[in-house]
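Working notes, structure below.
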């Protein structure tokens, strides 16, 4: 099994630029989650989807963040415009049912 | 008050020692509980679920105390490879379904 795939693994961008993070969940999983992890705040749930439908986006910090899941095998998290405080590791996770989540390797985002 | 609280550590223990971590949660309606392990610069991975009656997996024992709203993880005969951050995770029903709330983690360093 390939596991959850995320790209890019590292992203360095300048403040104000658009950033798009990508995720391919494990085939057959019906839930997809986006998390952000920082030293200060730990792991925070941003949004999750069930069968490609966004269920809870209350964790999305502000309108600069948006997420889509156009089909069962692909999701994006977009930040536009990016700010230095968005620097973090962004994880995508998927699960069959809500419980045992499998995380991708993460995207380490640095906004300068 | 944060939903899930853990002592960040670090816990420095010699190889072969027994070490225990506790975690407290604030929502008495929380329904299921887990320990995840996260290695440095890696993604979190499920270590074990925590059942009401307590459960054991090899050298690892997890306990749940619903009355006091805490969860514990005991590691016996610790190995160098146990060095990692251990995340306490609580699954709580919300208006939009269920939400996994992660603690910030407890750092363990096992030394020779």
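Protein chains in written order, with my numbering: chain A, 1 to 112; chain B, 113 to 224.
Backbone N, C-alpha and C fix where the C-beta goes; we use that ideal spot for every residue, glycine too.
In the structure shown, residue 84 (chain A) adopts helical secondary structure according to DSSP, grouped into three states. Just measuring C-alpha positions, the residue of A:86, A:100, A:83 and A:78 sitting nearest residue 7 (chain A) is A:78. The residue among B:158, B:169 and B:139 with its C-alpha nearest the C-alpha of residue 180 (chain B) is B:139. Following the DSSP letters along the chain, one finds residue 10 (chain A) inside the beta strand (DSSP E) bounded by residues 10 to 13. The alpha-carbon separation between residue 213 (chain B) and residue 162 (chain B) amounts to approximately 15 Å.
Under DSSP, residue 116 (chain B) takes part in a beta bridge, and its partners are B:137.
Against residue 109 (chain A), chain B offers no close residue; the least beta-carbon distance is about 14 Å (beta-carbon pairs closer than 9 Å). In the DSSP annotation of this structure, the continuous segment of the beta strand (DSSP E) that includes residue 47 (chain A) starts and ends at 42 to 50. For chain A, the residues of the segment 137 to 151 of chain B that bring a beta carbon within less than 9 Å of one of its beta carbons are 144, 146, 148 and 150, in chain order. In the structure shown, residue 151 (chain B) falls within a coil segment according to DSSP collapsed to helix, strand and coil.
For residue 165 (chain B), the number of other beta carbons within 10 angstroms of its own is below 16, and it is reported as exposed. Put simply, the CB of residue 100 (chain A) is near chain B, with a gap under 8 Å to one of its CB atoms. Residue-level contact by beta carbon holds for residue 155 (chain B) and chain A, with a gap shorter than 8 Å. Here residue 36 (chain A) really is in contact with residue 88 (chain A); their C-beta atoms are around 5 Å apart, less than 8 Å. Here the alpha carbon of residue 72 (chain A) sits roughly 12 Å from the alpha carbon of residue 95 (chain A). Residue 45 (chain A) sits buried, since 16 or more C-beta atoms from the chains shown fall within 10 Å of its C-beta.
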